[in-house]
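Take any residue in the sequence shown, note its place counting from 1, add 759, and you have its number in this note's numbering. This report refers to the structure that appears directly beneath it.
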Amino acid sequence: MKYMLLMQFPLSSWRTDLITLWPQEDAARHMDYLARMRADLEQAGELVDTQGLTGPEAATEVRAGADGSPAVTDGPFAESKEFLAGYLIVDVENVQRAHEIAARWSHGPGRGGKPGNWPVQVRQMLGFRHGDDA
């Protein structure tokens with residue numbers, strides 16, 4: 760079963776807690792942790808894809824206008840308390856394994872080496888494709 764793990768980051772601390780503002784050794788520790796996690800998931804055959812995303816200042820929200828053309832709004836969005844910082848797609852045996860991976864990701868070292876404990880949303884992917892029966 761495929762699951763998408765979505766890491767949320769508090770919008771309130773985005774500008775003050777960017778990894779680029781961390782001490783160099785903290786940022787290196789965090790990136791090493793992520794590289795080890797990725798390697799472990801690749802070796803286990805569980806990794807499908809993972810990506811970090813740009814910050815909310817580069818985000819846009821799009822809705823279809825009355826004529827179907829894109830109506831684009833700049834971010835960040837004042838009503839949001841968190842934003843999507845990145846995602847990880849895994850192909851695992853069950854939801855418990857997806858939860859284990861999410862917890863490992865959440866527990867990655869943050870500033871000062873303390874576990875970040877960032878929220879991670881776990882969502883099963885439905886796997887519908889064009890032409891599949893719904």
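Just so you know, even glycine gets a beta-carbon here, dropped at the ideal spot from N, CA and C.
> Mapping DSSP to helix, strand and coil, what is A861?
Replying inline: helix
> Using the C-alpha atoms, what's the distance from E820 back to P829?
Replying inline: 10 Å
> If you drop the 5 nearest sequence neighbours on each side, which residues of the same chain put their C-beta closer than 7 Å to that of A861?
Replying inline: L764, V879 and V881
>> The alpha helix (DSSP H) that contains L777, what's its start and end?
In response: Segment: none, L777 is in no alpha helix (DSSP H) and carries neither H nor E.
>> Measuring only the C-alpha atoms, how far is E784 from Y792?
In response: 12 Å
> DSSP puts D850 in a beta bridge; with which residues?
Replying inline: K761
> Rounded to a whole number of angstroms, what is the C-alpha to C-alpha distance between W864 and M796?
Replying inline: 8 Å
> For Q933, which beta-bridge partners are listed by DSSP?
Replying inline: Because the chain here runs from 760 to 893, residue 933 falls outside it and cannot be looked at.
> Quick one, are the C-beta atoms of I848 and T809 less than 9 Å apart?
Replying inline: yes
> Considering only residues of the same chain and omitting the five flanking positions on each side of W877, which have a CB-CB separation below 7 Å?
Replying inline: M766, Q767, F768 and S865
> Taking the DSSP output, what are the residues bridged to G811?
Replying inline: G845
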